[in-house]
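Notes follow the structure.
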Amino acid sequence: RNTENYDVGGKHYKRVPRGYDKEHPLSELLMYNGLYASSPLIDPTIATTPKLLEICYEYSQIMAPLHHWIVNMRQNTIEPF
């Protein structure tokens, strides 16, 4: 799947928090205070055609791995109510 037009963001901090190894391979993740993903804009002329459903389905399939990872992380780090 082509994911080059998708954007993942949420980076907020300029440096790794004090006390953490800034050379660690995953230290970049400590600079995020949130996480979001966005897909390419849909051509407005397609918005009222049957092709819209196909495009939305394709976008959701491409973003599904990120969604599943976030859900898994939440289930493993937050105590249930």
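In terms of the numbering used here, the sequence shown is residues 540 to 620.
In this text, a Cβ means the ideal position worked out from N, Cα and C, and glycines have one as well.
Since the model is a prediction, treat every value here as computed from it, not as a measurement.
The residue among Asn615, Thr588, Tyr598, Asp560 with its C-alpha nearest the C-alpha of Ala576 is Tyr598. The C-beta separation of Leu580 from Gly549 comes to about 20 Å, leaving the pair out of contact by the 8 Å criterion. Annotated as proximal: Asn572 and His551, with beta-carbon spacing under 9 Å.
Annotation for Asn611: the continuous alpha helix (DSSP H) segment containing it runs 590–616. According to DSSP, residue pairing for Ser577 in a beta bridge involves Asp546.
Taking the CA atoms as reference points, Thr616 sits about 11 Å from Ile609.
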